[in-house]
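Peer 1:
There are 4 protein chains.
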Amino acid sequence: MDNKKEKIIHAAIDVFQEKGIEKTKVSDIVKGAGIAQGTFYLYFSSKLSVMPAIAEVMVEKMMEEMKERVNETRLFDKQLEQVVDVVFDITKSYRSIFAMVYAGLASSEYLQQWEKIYQPYYEWMGAFFKQAKAKEVLRDDLSIEPSVKLVIGLIESAAEQVYLYDQLSKEEAVKKKQEVLEFMKHALYKKQ
Amino acid sequence: MDNKKEKIIHAAIDVFQEKGIEKTKVSDIVKGAGIAQGTFYLYFSSKLSVMPAIAEVMVEKMMEEMKERVNETRLFDKQLEQVVDVVFDITKSYRSIFAMVYAGLASSEYLQQWEKIYQPYYEWMGAFFKQAKAKEVLRDDLSIEPSVKLVIGLIESAAEQVYLYDQLSKEEAVKKKQEVLEFMKHALYKKQ
Amino acid sequence: MDNKKEKIIHAAIDVFQEKGIEKTKVSDIVKGAGIAQGTFYLYFSSKLSVMPAIAEVMVEKMMEEMKERVNETRLFDKQLEQVVDVVFDITKSYRSIFAMVYAGLASSEYLQQWEKIYQPYYEWMGAFFKQAKAKEVLRDDLSIEPSVKLVIGLIESAAEQVYLYDQLSKEEAVKKKQEVLEFMKHALYKKQ
Amino acid sequence: MDNKKEKIIHAAIDVFQEKGIEKTKVSDIVKGAGIAQGTFYLYFSSKLSVMPAIAEVMVEKMMEEMKERVNETRLFDKQLEQVVDVVFDITKSYRSIFAMVYAGLASSEYLQQWEKIYQPYYEWMGAFFKQAKAKEVLRDDLSIEPSVKLVIGLIESAAEQVYLYDQLSKEEAVKKKQEVLEFMKHALYKKQ
DNA sequence: CATGAATGAGGGTTCATTCAT
DNA sequence: CATGAATGAACCCTCATTCAT
Numbered sequence: 001m002d003n004k005k006e007k008i009i010h011a012a013i014d015v016f017q018e019k020g021i022e023k024t025k026v027s028d029i030v031k032g033a034g035i036a037q038g039t040f041y042l043y044f045s046s047k048l049s050v051m052p053a054i055a056e057v058m059v060e061k062m063m064e065e066m067k068e069r070v071n072e073t074r075l076f077d078k079q080l081e082q083v084v085d086v087v088f089d090i091t092k093s094y095r096s097i098f099a100m101v102y103a104g105l106a107s108s109e110y111l112q113q114w115e116k117i118y119q120p121y122y123e124w125m126g127a128f129f130k131q132a133k134a135k136e137v138l139r140d141d142l143s144i145e146p147s148v149k150l151v152i153g154l155i156e157s158a159a160e161q162v163y164l165y166d167q168l169s170k171e172e173a174v175k176k177k178q179e180v181l182e183f184m185k186h187a188l189y190k191k192q
Numbered sequence: 001m002d003n004k005k006e007k008i009i010h011a012a013i014d015v016f017q018e019k020g021i022e023k024t025k026v027s028d029i030v031k032g033a034g035i036a037q038g039t040f041y042l043y044f045s046s047k048l049s050v051m052p053a054i055a056e057v058m059v060e061k062m063m064e065e066m067k068e069r070v071n072e073t074r075l076f077d078k079q080l081e082q083v084v085d086v087v088f089d090i091t092k093s094y095r096s097i098f099a100m101v102y103a104g105l106a107s108s109e110y111l112q113q114w115e116k117i118y119q120p121y122y123e124w125m126g127a128f129f130k131q132a133k134a135k136e137v138l139r140d141d142l143s144i145e146p147s148v149k150l151v152i153g154l155i156e157s158a159a160e161q162v163y164l165y166d167q168l169s170k171e172e173a174v175k176k177k178q179e180v181l182e183f184m185k186h187a188l189y190k191k192q
Numbered sequence: 001m002d003n004k005k006e007k008i009i010h011a012a013i014d015v016f017q018e019k020g021i022e023k024t025k026v027s028d029i030v031k032g033a034g035i036a037q038g039t040f041y042l043y044f045s046s047k048l049s050v051m052p053a054i055a056e057v058m059v060e061k062m063m064e065e066m067k068e069r070v071n072e073t074r075l076f077d078k079q080l081e082q083v084v085d086v087v088f089d090i091t092k093s094y095r096s097i098f099a100m101v102y103a104g105l106a107s108s109e110y111l112q113q114w115e116k117i118y119q120p121y122y123e124w125m126g127a128f129f130k131q132a133k134a135k136e137v138l139r140d141d142l143s144i145e146p147s148v149k150l151v152i153g154l155i156e157s158a159a160e161q162v163y164l165y166d167q168l169s170k171e172e173a174v175k176k177k178q179e180v181l182e183f184m185k186h187a188l189y190k191k192q
Numbered sequence: 001m002d003n004k005k006e007k008i009i010h011a012a013i014d015v016f017q018e019k020g021i022e023k024t025k026v027s028d029i030v031k032g033a034g035i036a037q038g039t040f041y042l043y044f045s046s047k048l049s050v051m052p053a054i055a056e057v058m059v060e061k062m063m064e065e066m067k068e069r070v071n072e073t074r075l076f077d078k079q080l081e082q083v084v085d086v087v088f089d090i091t092k093s094y095r096s097i098f099a100m101v102y103a104g105l106a107s108s109e110y111l112q113q114w115e116k117i118y119q120p121y122y123e124w125m126g127a128f129f130k131q132a133k134a135k136e137v138l139r140d141d142l143s144i145e146p147s148v149k150l151v152i153g154l155i156e157s158a159a160e161q162v163y164l165y166d167q168l169s170k171e172e173a174v175k176k177k178q179e180v181l182e183f184m185k186h187a188l189y190k191k192q
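Residue numbers (UniProt numbering), protein chains in the order written: chain A, 1 to 192; chain B, 1 to 192; chain C, 1 to 192; chain D, 1 to 192.
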């Protein structure tokens, strides 16, 4: 795919993260991408129009990680743990970007595209849950689609607390993951 | 009392919500507050420095609503429902502001203050849970402090999905609330 | 005389010297004077209108020093040395202010007052030279009035070089003074 | 060559002279230079940072005039007269700028550069004096370097008196020049 | 396609000045 | 007389966007 466009997106991710939306200049992005000021406008119409492309890259990244790191041959318990790990890691790297996307774009034309971009993520997680239900791990009365969204929101918000607000240590992050897992299991699993 | 400062904060909330951070001008804020441009700078050093004050106001608002609308004489089930209602309503009104606070201020000096501002919220919810535990509604092995944070994150993220991303209808909002409640109960309650 | 007015003038001298005209704010001056912002305008109509008052203070200061430090009982040689000392010292303290006065006020209404303010200085120096001529120290063909102005200009510019541009050490200042004296003597004295 | 920078400097000279530092707006300068507001900031960081560039231009101008108008084939007496003429003329045109340079920049970072800018001027005058000494016009005991600085200061301050303070007529200017020359000759020449 | 110098509208911020207390 | 909070016009400077090369 187009090399320059990629460079812009990745430079934008870095700069947005470092400086925040408000203080990010197109000139910072092009400097990071190693291209000329004008070249930016051959690929994007404005600073904000990079956002959906960033979101796409991040969801792709998430899916890759899930497919790579969640081992289907293991017990569901273990898989769930791996899912939490991935979400925490991706959130660590990108959550501030997600926040920006809808903070910067609230009441803009780009928010529409959001759901479409997130779709593969929801689908993958849906399939993951279905498979577990088939194995009779999950509650019979659990409806998958809504639960998927709740679970994703739950894990993400826990990760946010760790990485954004409280800026916790590695050990505390591990503890937080265990708490989320515990909480989720009670919410999702069959009672023994 | 500090009448002008109050006016600025409330005008800022309105304008940020209407236009987003990026497009909000200080001149809009002062127009809304009915004061002169220069007066703004007697109270705040910049546009962004209003953010923590806004956050404080919103947490206060949340606490007021909780105290007003969560009826301690009712069953815990009902109270939990009321809590979810309040969080959904406040999120509906202010979540875009919350998003802005950390989107606009990622990597800034203000993020530090965040936890301190949220503290009363966590404390209230902690007390609420303790009371329920005393009534033997909640699981014995539930540790309250971490659960409080998870629950708040869970409800907020559900509310976000309803009001920010998916922009769902009233009926769908009601359904989402029930799903969250269901999810929470399984996660928190004693098994029968 | 009016205490507050005095305070303003002296604070203004300090601040102008420290920050330069451009960056001096009325608020700095009143802070230095220990009075309220509005009080300034009871005594002066604007920032620039303090200038003539400052100039007056400085010429007064100069005259005081001359009368105090130039000893009429000594040889003219010695007296000339003392004159140079005074000019150097006053220049050290105030020359940047003098510069400002006409830099800031070039093409302004205040420049007119300048000559009048400087007048006592020229007169004193004129009397000083006349007395020396009577003692047959100075050249017979020396016309006093123009020489006085040249001498003042010469000493001042030498002092400027020392204190403004080259920022020389104490030793170098002493040397410069000797050079000026030598130069002046050749220009003014009778040939032996 | 660096056409825009040149244009800015020359426009700045004009505007500073017309309005004084305080009242000069960047927008005036760019209007005079026929460029856009933003272009100014590609070449200079602020209004004040043009000052050293202006000083450089003026010293260049001075040197050009000296080389053009001081005729080496004439007697030293005549040459000295021509030097005074040049200094008076340049001072007439630019002294208010010089005043501004250090008035506006007192206590600033730019004052340091001053000596370096003046250097060619001092050097030229030094060479001029050496040549005269070789011809046995000047006193044997005259040390050239310090005298050069004194002479330049003397002529400049005389010119200032004529053009800045006293705003004298053409005839008076001529008379002042003769006085300076007379003064200088006594200070510099061998006794007959 | 790529460049980067030039643009200029626009907004943040300052600060001299006022005036009710 | 003295105050200092409030004012708002004025100005600096930024930075997204363009366009000739």
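We put the CB at the ideal spot given by N, CA and C, even for glycine. From a predicted model like this one, the values you see are computed outputs, not experimental measurements.
State the Cα-Cα distance for the pair D:V86 and A:Y43, rounded to the nearest angstrom.
Peer 2: Here residue 86 of chain D refers to the residue found at position 86 when the fourth sequence is read from its first residue. Here residue 43 of chain A refers to the residue found at position 43 when the first sequence is read from its first residue. About 60 angstroms.
Peer 1: Please confirm whether A:I35 and A:K4 have their CB atoms less than 8 angstroms apart.
Peer 2: Within the first sequence, residue 35 of chain A is the residue found at index 35, counting from 1. Within the first sequence, residue 4 of chain A is the residue found at index 4, counting from 1. Yes.
Peer 1: Listing by chain order, which chain D residues have their CB less than 7 angstroms from the CB of C:K149?
Peer 2: Position 149 of the third sequence, counting from 1, holds the residue named residue 149 of chain C. Chain D residues near C:K149: Q161.
Peer 1: Leaving aside the five residues before and after C:A12 along the sequence, list all residues of the same chain whose C-beta is less than 7 angstroms from its C-beta, in chain order.
Peer 2: Locating residue 12 of chain C in the third sequence gives position 12, where the first residue counts as 1. Excluding sequence neighbours, C:A12 sits near I29, V50, I54.
Peer 1: What residues match up with B:Y189 in a beta bridge as DSSP calls it?
Peer 2: Translated into the one-based positions of the second sequence, residue 189 of chain B becomes position 189. For B:Y189, which the question treats as bridged, DSSP gives the partners B:L138.
Peer 1: Does the beta carbon of D:K191 sit closer than 8 angstroms to a beta carbon anywhere in chain C?
Peer 2: Translated into the one-based positions of the fourth sequence, residue 191 of chain D becomes position 191. Yes - at least one Cβ of chain C is within 8 angstroms of the one on D:K191.
Peer 1: Would B:V148 be called buried (16 or more neighbouring beta carbons within 10 Å of its own) or exposed?
Peer 2: Taking the first residue of the second sequence as position 1, residue 148 of chain B is located at position 148. So B:V148 ends up on the buried side.
Peer 1: On a Cα-Cα basis, can you pick out the residue from D:D14, D:L164, D:S157, D:I90 that is closest to D:E60?
Peer 2: Here the question's residue 60 of chain D lines up with position 60 in the fourth sequence. Checking every option, the nearest Cα to that of D:E60 belongs to D:I90.
Peer 1: Between C:D166 and chain D, is any beta-carbon pair separated by less than 8 angstroms?
Peer 2: Taking the first residue of the third sequence as position 1, residue 166 of chain C is located at position 166. Taking Cβ atoms only, chain D reaches closer than 8 angstroms to C:D166, which makes this a yes.
Peer 1: Could you work out which residue in B:Q119, B:L48, B:E172 is closest to B:M63 when comparing CA atoms only?
Peer 2: Here residue 63 of chain B corresponds to residue number 63 of the second sequence, with the count starting at 1. Nearest C-alpha to B:M63: B:Q119.
Peer 1: Taking only beta-carbon atoms, is D:G32 less than 8 angstroms away from chain C?
Peer 2: On the fourth sequence, position 32 is the one that residue 32 of chain D refers to. For D:G32, the answer is no, since every Cβ of chain C falls outside 8 angstroms of its Cβ.
Peer 1: DSSP state of A:N71, grouped into three classes?
Peer 2: The sequence position of residue 71 of chain A within the first sequence is 71, counting from 1. Correct three-state label for A:N71: coil.
Peer 1: Could you tell me whether any Cβ in chain D is nearer than 8 angstroms to the Cβ of C:S169?
Peer 2: The count along the third sequence starts at 1 and reaches residue 169 of chain C at position 169. Cβ-Cβ to chain D under 8 angstroms: no for C:S169.
Peer 1: Against chain C, does D:F129 count as a neighbour if the rule is that its beta carbon must be under 8 angstroms from one of theirs?
Peer 2: Looking up residue 129 of chain D in the fourth sequence gives position 129. It does not: the Cβ of D:F129 has no partner Cβ on chain C nearer than 8 angstroms.
Peer 1: Please identify the residue among A:Q82, A:D2, A:E6, A:G32 whose C-alpha is closest to the C-alpha of A:V15.
Peer 2: Taking the first residue of the first sequence as position 1, residue 15 of chain A is located at position 15. Out of A:Q82, A:D2, A:E6, A:G32, A:G32 has the C-alpha closest to the C-alpha of A:V15.
Peer 1: For A:E156, does the count of other Cβ atoms within 10 angstroms reach 16, so buried, or fall short, so exposed?
Peer 2: Here residue 156 of chain A is taken as the residue at index 156 of the first sequence, counted from 1. With 16 or more Cβ atoms within 10 Å of its Cβ, A:E156 is classed as buried.
Peer 1: Could one say the Cβ of C:L154 lies closer than 8 angstroms to chain D's Cβ atoms, at least one of them?
Peer 2: Here the question's residue 154 of chain C lines up with position 154 in the third sequence. With 8 angstroms as the cut-off, C:L154 counts as an interface residue toward chain D.
Peer 1: In or out: C:S107 buried (at least 16 other Cβ within 10 Å) or exposed?
Peer 2: Here residue 107 of chain C refers to the residue found at position 107 when the third sequence is read from its first residue. Residue placement at C:S107 is poorly supported in this model, since its pLDDT is 47, which falls under 50; the coordinates still yield a value, given next. Exposed, because fewer than 16 other Cβ atoms sit within 10 Å of the Cβ of C:S107.
Peer 1: Quick one: is C:T73 buried, meaning 16 or more other Cβ sit within 10 Å of its Cβ, or exposed?
Peer 2: Locating residue 73 of chain C in the third sequence gives position 73, where the first residue counts as 1. By the 10 Å Cβ count, C:T73 comes out exposed.
Peer 1: Throw me the rounded Cβ distance for the D:E179 and C:P146 pair, which I believe falls under 8 angstroms.
Peer 2: Mapped onto the fourth sequence, residue 179 of chain D falls at position 179. Mapped onto the third sequence, residue 146 of chain C falls at position 146. Confirmed, Cβ separation roughly 4 angstroms.
Peer 1: May I ask you to report which of helix, strand or coil DSSP gives D:K47?
Peer 2: Position 47 of the fourth sequence holds residue 47 of chain D. It is coil, neither helix nor strand.
Peer 1: For a contact defined as C-beta to C-beta under 7 angstroms, what are the partners of residue 265 of chain C on chain D?
Peer 2: Residue 265 of chain C is absent from the model: chain C starts at 1 and stops at 192.
Peer 1: How would you call C:K176, buried or exposed, if buried means at least 16 neighbouring beta carbons within 10 angstroms?
Peer 2: On the third sequence, position 176 is the one that residue 176 of chain C refers to. Result: buried.
Peer 1: Name the chain B residues that come within less than 7 angstroms of A:S157, Cβ to Cβ?
Peer 2: For the purposes of this step, residue 157 of chain A is taken as the residue at position 157 of the first sequence. By Cβ distance, chain B contributes G153, L154, E156, S157.
Peer 1: Under 7 angstroms Cβ-Cβ, which residues of chain B neighbour A:V180?
Peer 2: Taking the first residue of the first sequence as position 1, residue 180 of chain A is located at position 180. Result: L150.
Peer 1: Quick one: which chain A residues come within Cβ less than 7 angstroms of B:L80?
Peer 2: The residue labelled residue 80 of chain B in the question sits at position 80 within the second sequence. Residues of chain A passing the Cβ test: none, with the nearest at roughly 14 angstroms.
Peer 1: Tell me the residue span of the alpha helix (DSSP H) that contains A:D28.
Peer 2: Within the first sequence, the letter at position 28 stands for residue 28 of chain A. 26-33 is the extent of the alpha helix (DSSP H) around A:D28.
Peer 1: Measuring straight from C-alpha to C-alpha, what distance separates D:V83 and D:R95?
Peer 2: On the fourth sequence, position 83 is the one that residue 83 of chain D refers to. On the fourth sequence, position 95 is the one that residue 95 of chain D refers to. Spanning the two alpha carbons is a distance of roughly 16 angstroms.
Peer 1: Taking 8 angstroms as the CB-CB limit, is B:F76 close to chain A?
Peer 2: Translated into the one-based positions of the second sequence, residue 76 of chain B becomes position 76. No, B:F76 does not count as interfacial toward chain A.
Peer 1: Are the CB atoms of A:K47 and A:V70 nearer to each other than 8 angstroms?
Peer 2: Numbered from its first residue, the first sequence carries residue 47 of chain A at position 47. Numbered from its first residue, the first sequence carries residue 70 of chain A at position 70. Cβ distance not < 8 angstroms, so A:K47 and A:V70 don't count as in contact.
Peer 1: Would you mind reading off the limits of the alpha helix (DSSP H) that contains C:V151?
Peer 2: For the purposes of this step, residue 151 of chain C is identified with residue 151 of the third sequence, where counting begins at 1. Segment 144-160, the alpha helix (DSSP H) holding C:V151.
Peer 1: I want to verify the contact list: residues of chain A whose CB lies under 8 angstroms from the CB of B:L48, in sequence order.
Peer 2: Translated into the one-based positions of the second sequence, residue 48 of chain B becomes position 48. Simply E22.
Peer 1: Compare the Cα-Cα distances from C:I21 to each of C:A158, C:G38, C:M100 and report the closest residue.
Peer 2: Numbered from 1 along the third sequence, position 21 holds the residue referred to as residue 21 of chain C. Cα-wise, what sits closest to C:I21 is C:M100.
Peer 1: Let me make sure I understand the geometry here. Which of A:K78, A:I97, A:F88 has the alpha-carbon closest to that of A:E18?
Peer 2: As a first step, residue 18 of chain A is located in the first sequence; it is residue number 18 there, counting from the start. Taking only the C-alpha atoms, the option nearest A:E18 is A:I97.
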